[in-house]
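Novice: Protein chains in written order, with this note's numbering: chain A, 1008 to 1191; chain B, 1008 to 1191.
There are 2 protein chains.
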Amino acid sequence: MNIAYLTGNTQKFEEAEHILSSWHLERAAVDLEEIQGDADAIVCHKASEALRLLDKPLIVEDVSMSCSALGGLPGPYIKDFLRKLGDVGLYRVAHACGDTKAQVSCLAAYIEPGCEPKLFEGKLEGTLVEPRGDMRHGTYSWNCIFLPDGMDKTMGEMTMAEHAAVSMRKMALEKLKKYLEERA
Amino acid sequence: MNIAYLTGNTQKFEEAEHILSSWHLERAAVDLEEIQGDADAIVCHKASEALRLLDKPLIVEDVSMSCSALGGLPGPYIKDFLRKLGDVGLYRVAHACGDTKAQVSCLAAYIEPGCEPKLFEGKLEGTLVEPRGDMRHGTYSWNCIFLPDGMDKTMGEMTMAEHAAVSMRKMALEKLKKYLEERA
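1. Under the rule that 16 or more other beta-carbon atoms within 10 Å means buried, what is residue 1068 (chain B), buried or exposed?
2. Looking only at C-alpha atoms, which of B:1072, B:1124, B:1117, B:1051 sits nearest to residue 1152 (chain B)?
3. Can you check whether the C-beta of residue 1087 (chain B) is within less than 8 angstroms of a C-beta belonging to chain A?
4. Check the Cβ of residue 1041 (chain A) against every Cβ in chain B and list those closer than 9 angstroms, keeping chain order.
5. Name the DSSP beta bridge partners of residue 1068 (chain B), please?
6. Which ranges does the beta strand (DSSP E) cover as unbroken runs of at least 3 residues, wholly within the stretch 1087 to 1136 of chain A, from first to last along the chain?
7. From the beta carbon of residue 1096 (chain B), is the nearest beta carbon of chain A less than 8 angstroms away?
8. Please list, in chain order, the chain B residues whose beta carbon lies closer than 9 angstroms to that of residue 1117 (chain A).
9. Do three or more CB pairs link the stretch 1075 to 1095 of chain A to the stretch 1117 to 1127 of chain A at distances below 8 angstroms?
10. Restricting to Cα atoms, I'd like to know which of A:1091, A:1064, A:1101, A:1042 is closest to residue 1083 (chain A).
11. Throw me the rounded Cβ distance for the residue 1164 (chain B) and residue 1139 (chain B) pair, which I believe falls under 8 angstroms.
12. When you compare only the Cα positions, how much space is there between residue 1015 (chain B) and residue 1034 (chain B)?
13. Would you be able to state if there are at least three C-beta pairs under 8 angstroms between the stretch 1124 to 1133 of chain B and the stretch 1153 to 1162 of chain B?
14. Relative to the alpha-carbon of residue 1070 (chain A), which residue among A:1160, A:1183, A:1147 has its alpha-carbon at the smallest distance?
15. Determine whether the Cβ of residue 1151 (chain A) lies closer than 8 angstroms to any Cβ atom of chain B.
16. Within 10 Å of its beta-carbon, does residue 1012 (chain A) have 16 or more other beta-carbons around it, so buried, or fewer, so exposed?
17. Suppose you measure from the CA of residue 1078 (chain B) to the CA of residue 1077 (chain A); what does that come to, to the nearest Å?
18. Please state whether the Cβ-Cβ distance between residue 1066 (chain B) and residue 1149 (chain B) is less than 8 angstroms.
19. For residue 1155 (chain A), write down the residues that DSSP places opposite it in a beta bridge.
20. Classify residue 1048 (chain B) as buried or exposed, calling it buried when 16 or more other Cβ atoms lie within 10 Å of its own Cβ.
21. Can you pull the chain B neighbours of residue 1079 (chain A), defined as C-beta to C-beta under 7 angstroms?
22. Which whole-angstrom value is the C-beta distance of residue 1054 (chain B) and residue 1180 (chain B), which I expect to be below 8 angstroms?
23. What do you reckon, is the C-beta of residue 1011 (chain A) under 7 angstroms from a heavy atom of the ligand SAM?
24. Near residue 1117 (chain B), what residues of its chain come up, given a Cβ to Cβ distance below 6 angstroms and the 5 sequence neighbours on each side ignored?
25. Measure the alpha-carbon distance for residue 1032 (chain B) versus residue 1161 (chain B) and round it to whole angstroms.
26. Identify which residue in A:1174, A:1010, A:1075, A:1105 has its Cα closest to the Cα of residue 1029 (chain A).
27. Mind checking if residue 1011 (chain B) is an interface residue toward chain A, Cβ cutoff 8 angstroms exclusive?
28. Measuring only the C-alpha atoms, how far is residue 1271 (chain B) from residue 1188 (chain B)?
29. Does the distance from the CB of residue 1045 (chain A) to the CB of residue 1075 (chain A) come in under 8 angstroms?
30. So which residues on chain A does residue 1054 (chain B) lean against when the C-beta distance must stay under 7 angstroms?
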């Protein structure tokens, strides 16, 4: 079965291709509007919009960062925050508030014609720290300020292999893989 | 000419009706999706969506709060911030960061069939303070933490008449009124 994977990012696509290797993944780059709301509503809306445009089985995903100091925000608005404050600015806000706990999450939605989207989540708990490392994925990245619990390297200090081992995208896509296998 | 004014809030509608008294304003409550993006893009998208549904001249508006400490955010995501942090929580974040300067803005869009939306903005500079007063407009309100520059009362401590005198909605709608008068 062919499945479209919507992303503008080559690395993300390769990660998905590797995990979902039993299916033929096609990379699709479609400009989708993102609505305001919680992470579930945003990714479901993206999936439905993409299905309307492509009319075939597809996967979309969305990344959130929930900071304790901000009552769970920026959440799905993480990209806006990184754009306006930079990673160091976001760390400093959390630090100034005296609470650097954070959670990052990848929510993947699978949808096919005639069906509602199915959601699969991968998440990582950690703390925000002064930026360390230089592995940034994408223009607006939180990798260098996010230290996963129990690790001594930020996501920005990890090699690609170390990164892949703790990837929350991988967790989400492995749940999706299991779902696809079970109904095959 | 009849113009639809989109709001779920009676006070906002009455304020608009008072300012735009030369036109027949009809209150319309339509559930519109709000996209992510900057304030201009969000209000233009709302105006276009509303026009698609109602097919008549109409006004929509959106309120933002730009905090210096957050690099201009929460901006149009102010409602989410108030929902997650409360007004006092938002004040505390700004205070902890050592910068309580803020700007609130009302962006009104006028659109009619076959035309692009026209935007009119009213804004107020001020600072965030510990909540004072109890005049909250709407469930999620920043009135009690916003002290406009040069005033000694927060928006939450003002009487309705005082509030109306400094209203950024009024400023936006008066610009819109002038536009409608000039092309009449």
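Each residue gets a CB set at the ideal place from its N, CA and C atoms; glycine is no exception.
Specialist: On the basis of the coordinates in this document:
1. Walking along the second sequence from the start, residue 1068 (chain B) turns up at place 61. Result: buried.
2. Residue numbering aside, residue 1152 (chain B) sits at position 145 when the second sequence is read from its first letter. Considering only alpha carbons, the answer is B:1072.
3. As a working note, residue 1087 (chain B) is residue 80 in the second sequence. Yes, residue 1087 (chain B) counts as interfacial toward chain A.
4. Here residue 1041 (chain A) corresponds to residue number 34 of the first sequence, with the count starting at 1. By Cβ distance, chain B contributes 1042, 1043, 1044.
5. In the second sequence, residue 1068 (chain B) corresponds to position 61, counting from 1. In the DSSP output, where bridge partners are listed per residue, residue 1068 (chain B) has B:1115.
6. As far as the stretch 1087 to 1136 of chain A is concerned, its whole beta strand (DSSP E) runs of at least 3 residues are 1108 to 1118, 1125 to 1135.
7. Here the question's residue 1096 (chain B) lines up with position 89 in the second sequence. Yes, residue 1096 (chain B) lies at the interface with chain A (some Cβ there is under 8 angstroms from its Cβ).
8. Along the first sequence, read from residue 1 onward, the residue named residue 1117 (chain A) stands at position 110. Within chain B, no residue comes near residue 1117 (chain A); the closest Cβ sits about 22 angstroms away, beyond 9 angstroms.
9. no
10. Counting from 1 along the first sequence, the entry for residue 1083 (chain A) is found at position 76. Shortest Cα-Cα distance from residue 1083 (chain A) to any of A:1091, A:1064, A:1101, A:1042 involves A:1042.
11. For the purposes of this step, residue 1164 (chain B) is taken as the residue at position 157 of the second sequence. For the purposes of this step, residue 1139 (chain B) is taken as the residue at position 132 of the second sequence. Between the beta-carbon of residue 1164 (chain B) and that of residue 1139 (chain B) there is about 5 angstroms, and that keeps the pair under the 8 angstroms contact cut.
12. As a first step, residue 1015 (chain B) must be located in the second sequence, where it is residue number 8. As a first step, residue 1034 (chain B) must be located in the second sequence, where it is residue number 27. Rounded to the nearest angstrom, the two C-alpha atoms are 8 angstroms apart.
13. yes
14. The sequence position of residue 1070 (chain A) within the first sequence is 63, counting from 1. Residue A:1147 is the option with its Cα nearest to residue 1070 (chain A).
15. As a working note, residue 1151 (chain A) is residue 144 in the first sequence. Not one chain B Cβ lies under 8 angstroms of residue 1151 (chain A).
16. On the first sequence, position 5 is the one that residue 1012 (chain A) refers to. It is buried - the Cβ of residue 1012 (chain A) has at least 16 other Cβ atoms within 10 Å.
17. On the second sequence, position 71 is the one that residue 1078 (chain B) refers to. On the first sequence, position 70 is the one that residue 1077 (chain A) refers to. Near 15 angstroms, if we compare the C-alpha coordinates of residue 1077 (chain A) and residue 1078 (chain B).
18. Position 59 of the second sequence, counted from the first residue, corresponds to residue 1066 (chain B). Position 142 of the second sequence, counted from the first residue, corresponds to residue 1149 (chain B). For the pair residue 1066 (chain B) and residue 1149 (chain B), the CB atoms are not nearer than the 8 angstroms cut-off.
19. Indexing the first sequence from 1 puts residue 1155 (chain A) at position 148. Answer by DSSP bridge pairing, in chain order: A:1133.
20. Counting from one through the second sequence, the residue named residue 1048 (chain B) turns up at place 41. It is exposed - the Cβ of residue 1048 (chain B) has fewer than 16 other Cβ atoms within 10 Å.
21. In the first sequence, residue 1079 (chain A) corresponds to position 72, counting from 1. 1091, listed in chain order.
22. The count along the second sequence starts at 1 and reaches residue 1054 (chain B) at position 47. The count along the second sequence starts at 1 and reaches residue 1180 (chain B) at position 173. So it is not a contact: roughly 15 angstroms between Cβ atoms.
23. Absence of the ligand SAM is noted for the structure shown, with no ligands found whatsoever.
24. Your numbering for residue 1117 (chain B) matches position 110 in the second sequence. Excluding positions up to five away in sequence, the list reads 1066, 1125, 1183.
25. As a first step, residue 1032 (chain B) is located in the second sequence; it is residue number 25 there, counting from the start. As a first step, residue 1161 (chain B) is located in the second sequence; it is residue number 154 there, counting from the start. One C-alpha to the other measures close to 30 angstroms.
26. Residue numbering aside, residue 1029 (chain A) sits at position 22 when the first sequence is read from its first letter. Scanning A:1174, A:1010, A:1075, A:1105 for the CA closest to the CA of residue 1029 (chain A) turns up A:1010.
27. Position 4 of the second sequence holds residue 1011 (chain B). Chain A, which has no Cβ nearer than 8 angstroms to the Cβ of residue 1011 (chain B), makes this no.
28. Because chain B is modelled from 1008 through 1191, residue 1271 (chain B) falls outside the range shown and cannot be assessed.
29. Within the first sequence, residue 1045 (chain A) is the residue found at index 38, counting from 1. Within the first sequence, residue 1075 (chain A) is the residue found at index 68, counting from 1. The answer is no: Cβ separation not under 8 angstroms.
30. As a working mapping, residue 1054 (chain B) is identified with position 47 in the second sequence. Ordered by position in chain A, no residue passes the 7 angstroms Cβ test against residue 1054 (chain B), which lies about 15 angstroms from the chain.
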